[in-house]
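Asks: From first to last, the protein sequence lines stand for chains X and U.
Numbering-wise (the numbering used here), the first sequence opens with residue 1 and increments by one.
Numbering-wise (the numbering used here), the second sequence opens with residue 1 and increments by one.
Pasting a structure below so you can have a look.
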Amino acid sequence: MDTRIVPLAAERGAALEASYARAVAATRRRTILTLAAIAVLAVAAGFAAEVRPLVLLANLGGFTAYLGRILPPLTIANLGGDLAEWYWGLPKWAALLGETLLMAYLGTLLGGLAAFLLCFGAAANLARSRFGCVLTRRALEIFRTVPEVVFALIFVIAFGLGPMVGVMALAIHTAGALGKLFSEVVENIDMKPVEGLTAAGASRVEAIRFAVLPQVLSNFASYGLLRFEINVRGAGVMGFVGAGGIGQELLVAIRNFYYTDVSAILLMIIATVVLIDLGTERLRHHLIGLEQAR
Amino acid sequence: MREAPDLAALKARYPQAFRVAWAARLTGLGGLGAVLALAAFAMVRLDFSAARILNGLGRLGEFALLMLPPSPEGHLADFLRALAETLGIAFLGTLTAACLALPVAFLAARNVVPNPVLHFAVRRALDVMRSVDVLIWALIWINVVGLGPFAGALAIACADLGALGKLFSEAVETVDRKAAEGVTASGGGALHRIRFGLVPAVLPVLGSQVLYFFESNTRSATIIGIVGAGGIGQYLTELIRVLELQQVAFLVLMVLVTVALIDAVSGRLRRALIGGEPR
Numbered sequence: 001m002d003t004r005i006v007p008l009a010a011e012r013g014a015a016l017e018a019s020y021a022r023a024v025a026a027t028r029r030r031t032i033l034t035l036a037a038i039a040v041l042a043v044a045a046g047f048a049a050e051v052r053p054l055v056l057l058a059n060l061g062g063f064t065a066y067l068g069r070i071l072p073p074l075t076i077a078n079l080g081g082d083l084a085e086w087y088w089g090l091p092k093w094a095a096l097l098g099e100t101l102l103m104a105y106l107g108t109l110l111g112g113l114a115a116f117l118l119c120f121g122a123a124a125n126l127a128r129s130r131f132g133c134v135l136t137r138r139a140l141e142i143f144r145t146v147p148e149v150v151f152a153l154i155f156v157i158a159f160g161l162g163p164m165v166g167v168m169a170l171a172i173h174t175a176g177a178l179g180k181l182f183s184e185v186v187e188n189i190d191m192k193p194v195e196g197l198t199a200a201g202a203s204r205v206e207a208i209r210f211a212v213l214p215q216v217l218s219n220f221a222s223y224g225l226l227r228f229e230i231n232v233r234g235a236g237v238m239g240f241v242g243a244g245g246i247g248q249e250l251l252v253a254i255r256n257f258y259y260t261d262v263s264a265i266l267l268m269i270i271a272t273v274v275l276i277d278l279g280t281e282r283l284r285h286h287l288i289g290l291e292q293a294r
Numbered sequence: 001m002r003e004a005p006d007l008a009a010l011k012a013r014y015p016q017a018f019r020v021a022w023a024a025r026l027t028g029l030g031g032l033g034a035v036l037a038l039a040a041f042a043m044v045r046l047d048f049s050a051a052r053i054l055n056g057l058g059r060l061g062e063f064a065l066l067m068l069p070p071s072p073e074g075h076l077a078d079f080l081r082a083l084a085e086t087l088g089i090a091f092l093g094t095l096t097a098a099c100l101a102l103p104v105a106f107l108a109a110r111n112v113v114p115n116p117v118l119h120f121a122v123r124r125a126l127d128v129m130r131s132v133d134v135l136i137w138a139l140i141w142i143n144v145v146g147l148g149p150f151a152g153a154l155a156i157a158c159a160d161l162g163a164l165g166k167l168f169s170e171a172v173e174t175v176d177r178k179a180a181e182g183v184t185a186s187g188g189g190a191l192h193r194i195r196f197g198l199v200p201a202v203l204p205v206l207g208s209q210v211l212y213f214f215e216s217n218t219r220s221a222t223i224i225g226i227v228g229a230g231g232i233g234q235y236l237t238e239l240i241r242v243l244e245l246q247q248v249a250f251l252v253l254m255v256l257v258t259v260a261l262i263d264a265v266s267g268r269l270r271r272a273l274i275g276g277e278p279r
């Protein structure tokens with residue numbers, strides 16, 4: 001068979017090029033318009049946020065100087081002594097860091113429990129009434145939109161200072177965030193087992209236990225671990241408003257210019273968060289593997 | 001009339017189905033026990049007390065009544081200005097983070113820069129930036145540029161740079177590499193490969209992630225005022241401390257409505273970007 005590429009007729013070629021040029025021009029116009037809109041918004045935001053580039057430029061040296069100042073004077077000759085002096089408060093800080101982790105754990109657990117109880121009511125396929133479904137969803141939305149620190153501020157006044165308040169604030173926010181994710185997981189299940197069990201006379205609770213839970217549990221656990229990771233970070237700053245954990249100590253160190261303390265505590269927090277990140281990531285991959293093997 | 005099933009006969013016929021899986025049950029119970037034991041230990045360690053909770057709940061009930069009806073009590077103009085400041089902080093912080101994260105992400109992506117040392121260094125640096133909370137970044141920036149919303153915008157930019165850099169580089173790594181190979185095959189250089197092979201494929205994904213972050217940053221920007229970095233948080237802290245709860249409720253409502261609006265708008269933009277079905 002003989003196939004040859006026939007060149008386009010001149011006028012068709014011209015028409016094609018013209019339409020190509022039009023398409024490119026249209027894209028270009030849209031890009032320029034988008035960029036212009038973003039630029040206008042950025043300038044407006046700059047005014048609202050009192051951006052002072054000159055101050056930043058003048059003080060950028062200050063930032064590096066600050067970094068230099070918070071780093072401890074470590075010498076090779078006296079490394080052990082210098083390290084000991086840098087981490088003079090290690091026992092106290094370690095205890096506070098442990099407290100922070102426990103806060104994150106308990107907050108995630110209690111919030112996860114609440115989310116678990118609420119998510120079936122908020123899922124469109126399992127909710128008993130339309131009204132209850134909408135109500136639950138709105139409640140969850142409020143729980144997760146109000147930042148946890150705001151809950152902590154209010155709770156500190158109601159319950160008094162201390163880590164218990166931090167746990168409650170974390171738990172409420174977690175309930176809102178996880179409740180939404182959980183209910184989305186529930187909405188995506190295969191409904192056939194539920195129908196089968198209901199047809200065989202199972203109650204709602206039995207249907208959830210034997211038809212829904214096996215489908216969703218590993219996803220729930222994975223989301224819970226992700227939330228734990230986020231809550232460790234959140235628990236670290238609860239101390240800023242007096243709700244326990246290591247935040248109080250860090251705030252005092254930064255406000256009072258205890259420079260080397262700042263770097264010591266920050267490093268401990270960063271190391272903990274990174275370690276937990278890695279650990280939960282591994283666990284979650286394991287869980288996802290289980291899910292896919294099924 | 002329905003007959004009761006003959007359980008004994010069924011058991012004899014299908015022993016498999018009635019066997020109790022003791023091993024699985026024990027592991028499950030053991031895991032649950034460990035979780036509960038740790039929770040009990042945490043409650044003791046963190047001074048949970050029923051009396052405090054009951055007292056506090058009573059006071060919370062009082063607060064809830066004091067919040068009604070939400071009202072600005074003549075500070076509406078101040079509140080709106082603070083809200084605009086909050087939105088400005090969130091927008092500028094997200095924009096700065098996105099602009100900085102784009103080049104960094106290409107450096108951290110394995111398929112663009114095949115240098116394991118650089119890749120590792122950039123990734124760890126992003127991890128460190130990400131693990132420091134926004135409020136801590138705000139405290140640090142206040143030392144550099146002074147109190148005010150500018151410090152807040154810089155704080156959000158720093159915290160987000162870590163998160164966005166990681167997400168962007170993952171998006172770049174998972175992109176279909178056929179387009180880039182095509183560009184190379186028709187004689188394009190390394191920069192052409194990035195411009196025509198990678199950027200068009202990842203830009204919509206990145207755009208939608210940036211929109212998500214803008215949403216969550218609006219929430220972060222509301223609390224950044226607690227440490228003095230501008231926005232509505234400053235009013236929120238002061239008003240909660242002096243128990244002006246009607247105004248607090250009004251502020252919280254303002255934030256809720258704003259976040260819901262941004263949610264709706266960015267959801268629409270995101271769908272337009274990805275070109276998915278409107279739901």
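Yeah, the Cβ is synthetic: ideal placement off N, Cα and C, and Gly gets one too.
#1: Between the C-alpha atoms of L80 of chain U and T280 of chain X, what's the straight-line distance to the nearest angstrom?
#2: Tell me the rounded alpha-carbon separation between S169 of chain U and N111 of chain U.
#3: Please list, in chain order, the chain U residues whose beta carbon lies closer than 8 Å to that of R233 of chain X.
#4: So, under 8 Å CB-CB, L170 of chain X and A104 of chain X are touching, yes? Tell me the CB distance rounded to an integer number of Å.
#5: Sort X:V273, X:L225, X:I172 by Cα distance to L126 of chain U and report the nearest one.
#6: Does any CB atom of chain X fall closer than 8 Å to the CB of E170 of chain U?
#7: Whose CA, out of U:V265, U:L269, U:F91, U:I232, lies closest to the CA of L76 of chain U?
#8: Does the Cβ-Cβ distance between A42 of chain U and L153 of chain X come in under 8 Å?
#9: So the candidates are U:Q209, U:Q246, U:I224; which of them puts its Cα closest to the Cα of C99 of chain U?
#10: Would you say R268 of chain U faces chain X, with C-beta separation under 8 Å as the test?
#11: Relative to the C-alpha of A122 of chain X, which residue among X:V149, X:G80, X:A175 is closest?
#12: Using the Cβ count rule (16 or more neighbours within 10 Å means buried), how would you classify K192 of chain X?
#13: Between which two residues does the alpha helix (DSSP H) carrying V252 of chain X extend?
#14: Could you confirm whether any beta carbon from chain X is found closer than 8 Å to the beta carbon of L66 of chain U?
#15: In chain order, which continuous runs of the alpha helix (DSSP H) of length 4 or greater are located wholly inside the region 207 to 241 of chain U?
#16: Can you pull the chain U residues whose beta carbon is under 8 Å from the beta carbon of G236 of chain X, in chain order?
#17: Looking at chain C, which residues of the region 166 to 187 of chain X have a Cβ within less than 9 Å of any of its Cβ atoms?
#18: With a CB to CB cut of under 7 Å and the five nearest residues on each side skipped, what residues in its chain are close to P72 of chain U?
#19: Shorter than 8 Å from the beta carbon of L256 of chain U to some beta carbon of chain X?
#20: Looking only at its chain, what residues have a beta carbon closer than 8 Å to the beta carbon of K92 of chain X, apart from the 5 residues adjacent to it on each side?
#21: Can you name the residues of chain U whose CB is closer than 9 Å to the CB of M268 of chain X?
#22: Which value, in whole angstroms, describes the spacing of the CA atoms of A37 of chain U and R138 of chain X?
#23: Taking W305 of chain X as the reference, which of X:S263, X:A271, X:I269, X:I270 has the closest Cα?
#24: Please state the DSSP three-state secondary structure of F284 of chain U.
#25: Pairing CB atoms from the region 217 to 237 of chain X with CB atoms from the region 181 to 190 of chain X, are three or more of them under 8 Å?
#26: Give the residues of chain U in contact with N59 of chain X, contact being defined as C-beta atoms less than 7 Å apart.
#27: Can you confirm whether T198 of chain X, when its beta carbon is compared against all beta carbons of chain U, has any partner nearer than 8 Å?
#28: Classify D133 of chain U: buried if its beta carbon has 16 or more other beta carbons within 10 angstroms, exposed otherwise.
#29: In the DSSP assignment, the alpha helix (DSSP H) including N219 of chain X goes from what residue to what residue?
#30: Could you list the residues in the region 245 to 256 of chain X with a C-beta less than 9 Å from some C-beta on chain U, going in chain order?
#31: Taking contact to mean 3 or more Cβ pairs, one atom from each stretch, closer than 8 Å, check whether the region 89 to 96 of chain U and the region 147 to 167 of chain U are in contact.
#32: For chain U, is any of its Cβ atoms less than 8 Å away from the one on R137 of chain X?
#33: Taking only beta-carbon positions, decide if F131 of chain X is within less than 8 Å of chain U.
#34: DSSP on L60 of chain U, reduced to helix/strand/coil?
Replies: On the basis of the supplied data:
#1: Residue mapping note: residue 80 of chain U aligns to position 80 of the second sequence, counting from 1. Residue mapping note: residue 280 of chain X aligns to position 280 of the first sequence, counting from 1. Distance between the alpha carbons of L80 of chain U and T280 of chain X is about 41 Å.
#2: By one-based count along the second sequence, residue 169 of chain U stands at place 169. By one-based count along the second sequence, residue 111 of chain U stands at place 111. So the two alpha carbons sit approximately 10 Å from each other.
#3: Mapped onto the first sequence, residue 233 of chain X falls at position 233. Correct list: S131, D133.
#4: The sequence position of residue 170 of chain X within the first sequence is 170, counting from 1. The sequence position of residue 104 of chain X within the first sequence is 104, counting from 1. Indeed, because the Cβ distance is near 7 Å, the residues count as touching under 8 Å.
#5: The count along the second sequence starts at 1 and reaches residue 126 of chain U at position 126. Closest option to L126 of chain U, Cα to Cα, is X:V273.
#6: Residue numbering aside, residue 170 of chain U sits at position 170 when the second sequence is read from its first letter. Taking Cβ atoms only, chain X never reaches closer than 8 Å to E170 of chain U, which makes this a no.
#7: On the second sequence, position 76 is the one that residue 76 of chain U refers to. Closest by alpha carbon: U:I232.
#8: Mapped onto the second sequence, residue 42 of chain U falls at position 42. Mapped onto the first sequence, residue 153 of chain X falls at position 153. Going by C-beta atoms, A42 of chain U is not nearer than 8 Å to L153 of chain X.
#9: As a working note, residue 99 of chain U is residue 99 in the second sequence. Considering only alpha carbons, the answer is U:Q209.
#10: Within the second sequence, the letter at position 268 stands for residue 268 of chain U. So, not an interface residue.
#11: What you label residue 122 of chain X is simply residue 122 of the first sequence in a count that begins at 1. For the residues X:V149, X:G80, X:A175, the minimum Cα distance to A122 of chain X belongs to X:A175.
#12: The residue labelled residue 192 of chain X in the question sits at position 192 within the first sequence. Exposed, because fewer than 16 other Cβ atoms sit within 10 Å of the Cβ of K192 of chain X.
#13: Here residue 252 of chain X corresponds to residue number 252 of the first sequence, with the count starting at 1. Segment 247 to 255, the alpha helix (DSSP H) holding V252 of chain X.
#14: On the second sequence, position 66 is the one that residue 66 of chain U refers to. Not closer than 8 Å to any Cβ of chain X, the Cβ of L66 of chain U fails to qualify, so no.
#15: 233 to 241
#16: On the first sequence, position 236 is the one that residue 236 of chain X refers to. The answer, in chain order, is D133, I136.
#17: Of the protein chains in the structure, X and U, none is chain C.
#18: The count along the second sequence starts at 1 and reaches residue 72 of chain U at position 72. Result list for P72 of chain U: F79, Q247, F250, in chain order.
#19: Your numbering for residue 256 of chain U matches position 256 in the second sequence. Closer than 8 Å to some Cβ of chain X, the Cβ of L256 of chain U qualifies, so yes.
#20: Position 92 of the first sequence, counting from 1, holds the residue named residue 92 of chain X. Closer than 8 Å at Cβ, skipping near neighbours: E249.
#21: In the first sequence, counting from the first residue as 1, residue 268 of chain X sits at position 268. Within chain U, no residue comes near M268 of chain X; the closest Cβ sits about 11 Å away, beyond 9 Å.
#22: In the second sequence, counting from the first residue as 1, residue 37 of chain U sits at position 37. In the first sequence, counting from the first residue as 1, residue 138 of chain X sits at position 138. Looking at the two C-alpha atoms, the distance is approximately 33 Å.
#23: Shown here, chain X extends from 1 to 294; a query on residue 305 of chain X therefore has no answer.
#24: Not covered by the structure: residue 284 of chain U. The range shown for chain U is 1 to 279.
#25: yes
#26: Here residue 59 of chain X refers to the residue found at position 59 when the first sequence is read from its first residue. Correct list: V144, V145.
#27: Reading the first sequence from its first residue, position 198 is the one you call residue 198 of chain X. Not one chain U Cβ lies under 8 Å of T198 of chain X.
#28: Along the second sequence, one-based indexing puts residue 133 of chain U at 133. D133 of chain U comes out buried.
#29: Taking the first residue of the first sequence as 1, we reach residue 219 of chain X at position 219. Per DSSP, N219 of chain X belongs to the alpha helix (DSSP H) from 213 to 238.
#30: G247, L250, L251, I254, R255
#31: yes
#32: Position 137 of the first sequence, counting from 1, holds the residue named residue 137 of chain X. No, because no Cβ of chain U sits closer than 8 Å to the Cβ of R137 of chain X.
#33: Position 131 of the first sequence holds residue 131 of chain X. Not closer than 8 Å to any Cβ of chain U, the Cβ of F131 of chain X fails to qualify, so no.
#34: Start at 1 with the first residue of the second sequence, and residue 60 of chain U comes out as number 60. Three-state result, L60 of chain U: helix.
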